[in-house]
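To start, the structure under review is shown below, and the notes come after it.
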């Protein structure tokens, strides 16, 4: 038998009175020649279903293998060729096609056996001889590479584990080389098979930050997108051990451990989706079980004494990213329910912690907000009243356990937990406020002489003020109390929070000009004081953050917006604070910017409906004269001149869990307002706005993604894509691939 070409199906002309099988095969051959490989595949498949003879089956299977090779589905090509070989062990075409598939799959040792068989059957066939030489060269190259890699891996570990090399440049270079090698799959596999995980464990045991970082980053390469290696790595290191590294004091090491755990989560979840199969087809017993063990250890870490605040934040961040469903269209929220049953009390314990006192859990300024975000995501993931009622019951039982019989310290803890819920799943927070004695204790503690007690109570009052059920009660009973605190307290930390409470109550009418809560000029006075505190860099960022909270409410008022954008010092302070470690300020900054640019949703009322409402003596919302388009455009230009795009670009880049979908949506709205005028788009592009919009268009709420995509479209209409998306060149095939991987066609945005 001669081979007319490596990818040509068996032609075999149909005889007079040819059967339906032969006709379909002939039809498939014609489609194949025309390049319609899917059509040819269909024809061959139909022919197989018509009771073909064993000889015909062999031909059809190898022809299907040729189609799959053209379609680059090499697994199926190997399967089809193997079926043909089962029918006829001497089928040289089937052997050759299987060797092609095996070569593409990287199984060179098996591919060479098929080629050797082909050459023995047809010694003079030059196609087979050339293919055998090529694959032999590949095997030799791979052997040389693996041998050299073996030596490199062994040498690097010897240097890293040599106590005489401590702190040397040689050791630093070895650790960098190990990380680089692990980034390639072949290198990661070689490290893994060279007892690498055990050796990396020894690096972790040294406790030296540089070596721990090198080990963690190398483990990222070993586990990345590879479930079987991931599970094997966890079995060697121990899940508990890996999670515990999160809690170390060294922030760089904690972040590296966080990255490794995220890679591990991704590998395990991918395995669950793929039916428990890893990259190499190694069957894993149950990755869902490994996933739960990992999450269980993270939940345990939340309440462990001795864990750093940064580590606790990283654990919360991982839980936020991993537990709730990516899409509510997915009916399975069993992991969320399991986390609520196993860990809700632990999350609430972090949310109710007070920063600073000895004996308490170590938390950062961002910990409670992260706990609120996680609680909110868990609550949003619930799909029926029974599940939500269980969530409420667990929260209320936890709050009662602290509020009743635990003295003043218990009441403070309970009130702090209520504040955490009000910032997250506010429905649960509202229900907690209804518990007997809670609201009364908040009011009473506002008058306490102790700063710590006042702080907890005033913050709860502020968070409760925006909730419909309590707003009227607080307006009636809390305004005088907040004013009194603002005037008589000697502590800026108390005064600024009292001021925010007044700001929140004063903004209850939102953008409705006719619904002002306070006397004319009061909101401007409040805003002026907020700006004063915001600009005072002698005050710590955690306290200044409250000034931004106040402005986020007061900027509903157009007079406040106008004064704010004129205050260059205040804008500069706002943008600097958005870049600080105080990540909980992000939502307030984004809210203030949305208000200043009027990028919230607003519909002009139908004149007929306005007349009807007036006739019925119903309230009709009124727009402030300074919220007209000309004023908004002027404010946008002032924000651009002050550097708002650079600040927002930094906000988008943050890895903080506080940057929720809602916060991303606010930033998308502002970006869309900034690019509304053609002449402003160059400024947005020059400050990195185009690249910042890409992640906003791909992650967040549906509304936020749409707004970001609309902003991108406006930029691409008027700007050169190379300038708008540096590093994402649309005409470069590699760049095109990156853009497509993100699911976004840059040119057609």
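Numbering (full-length UniProt numbering), first residue to last: 1 to 749.
Even for Gly, the Cβ is constructed at its ideal location relative to N, Cα and C.
What is the rounded straight-line gap between the Cα of residue i and the Cα of residue j?
| i | j | result |
| --- | --- | --- |
| residue 735 | residue 384 | Residue confidence is low: residue 735 scores 36 on pLDDT, short of 50, so the model does not pin down where it sits. No coordinate-derived value is stated. |
| residue 104 | residue 223 | 23 Å |
| residue 268 | residue 294 | 10 Å |
| residue 280 | residue 399 | Confidence at residue 280 is low in this model, with a pLDDT of 43, below 50, so its placement is unreliable and the value that follows should be read with caution. Looking at the two C-alpha atoms, the distance is approximately 49 Å. |
| residue 115 | residue 98 | 9 Å |
| residue 246 | residue 217 | 14 Å |
| residue 106 | residue 676 | 52 Å |
| residue 367 | residue 261 | 19 Å |
| residue 266 | residue 239 | 15 Å |
| residue 162 | residue 288 | 39 Å |
| residue 639 | residue 704 | 21 Å |
| residue 549 | residue 433 | 22 Å |
| residue 574 | residue 536 | 11 Å |
| residue 518 | residue 495 | At residue 518 the pLDDT is 49, less than 50, meaning the model places this residue with poor confidence; the figure from the coordinates comes in the next sentence. Answer to the nearest angstrom: the Cα atoms are 19 Å apart. |
| residue 188 | residue 221 | 6 Å |
| residue 753 | residue 73 | For the chain, the structure presents residues 1 to 749; residue 753 sits outside this window and is missing. |
| residue 418 | residue 435 | 10 Å |
| residue 136 | residue 190 | 21 Å |
| residue 82 | residue 230 | 31 Å |
| residue 180 | residue 153 | 11 Å |
| residue 243 | residue 405 | 35 Å |
| residue 445 | residue 171 | 58 Å |
| residue 341 | residue 305 | 22 Å |
| residue 594 | residue 219 | 42 Å |
| residue 51 | residue 92 | 24 Å |
| residue 708 | residue 670 | 9 Å |
| residue 633 | residue 664 | 22 Å |
| residue 183 | residue 130 | 33 Å |
Relative to the C-alpha of residue i, which candidate in the options has its C-alpha closest?
| i | options | result |
| --- | --- | --- |
| residue 645 | 241, 549, 447 and 681 | 681 |
| residue 524 | 639, 451, 177 and 562 | 562 |
| residue 499 | 128, 540, 414 and 544 | 544 |
| residue 570 | 527, 409 and 438 | 527 |
| residue 33 | 66, 127 and 377 | 66 |
| residue 631 | 588, 566, 672 and 665 | 566 |
| residue 448 | 488, 463 and 44 | 488 |
| residue 577 | 486, 533 and 455 | 533 |
| residue 409 | 392, 453, 438 and 427 | 453 |
| residue 87 | 57, 100 and 76 | 57 |
| residue 393 | 429, 371 and 557 | 429 |
| residue 439 | 405, 459 and 451 | 459 |
| residue 662 | 642, 699 and 693 | 699 |
| residue 248 | 263, 212 and 493 | 212 |
| residue 751 | 241, 192, 214 and 255 | The question about residue 751 has no answer, for the chain in this structure spans 1 to 749. |
| residue 28 | 20, 41 and 120 | 41 |
| residue 108 | 314, 132, 297 and 122 | 132 |
| residue 64 | 53, 90 and 94 | 94 |
| residue 30 | 21, 43 and 350 | 43 |
How would you write the range of the alpha helix (DSSP H) that residue i sits in, first residue to last?
| i | result |
| --- | --- |
| residue 353 | That residue, residue 353, is in no alpha helix (DSSP H); it is neither H nor E in DSSP. |
| residue 542 | 541 to 554 |
| residue 380 | 367 to 380 |
| residue 287 | 287 to 302 |
| residue 96 | 92 to 104 |
| residue 580 | Neither: residue 580 is in no alpha helix (DSSP H) and is coded neither H nor E. |
| residue 162 | From DSSP, residue 162 is part of no alpha helix (DSSP H); its letter is neither H nor E. |
| residue 322 | 309 to 322 |
| residue 77 | 74 to 87 |
| residue 384 | Taken as a continuous stretch (DSSP letters only), residue 384 belongs to no alpha helix (DSSP H), as it is neither H nor E. |
| residue 117 | 108 to 121 |
| residue 561 | 558 to 566 |
| residue 525 | 522 to 535 |
Mind checking if residue i is an interface residue toward chain C, Cβ cutoff 8 Å exclusive?
| i | result |
| --- | --- |
| residue 296 | Looking for chain C here will not work: only one protein chain is present. |
Inset, instruction - Return the chain-ordered ranges of every alpha helix (DSSP H) run that is complete within the region 30 to 68 and spans a minimum of 4 residues. - result: 37 to 48
Inset, instruction - Quick one: which unbroken alpha helix (DSSP H) runs of 4-plus residues sit fully inside the region 630 to 705? Chain order, please. - result: 644 to 653, 661 to 674, 681 to 686 and 689 to 698
Inset, instruction - Only counting runs of 4 or more residues, tell me where the alpha helix (DSSP H) segments fall wholly within the region 172 to 260, in order along the chain. - result: 185 to 193, 196 to 205, 209 to 223, 227 to 237 and 239 to 244
Inset, instruction - Tell me the start and end of each unbroken alpha helix (DSSP H) in the region 402 to 479 that is at least 4 residues and wholly inside, in chain order. - result: 407 to 423, 426 to 433, 438 to 445, 451 to 465 and 468 to 477
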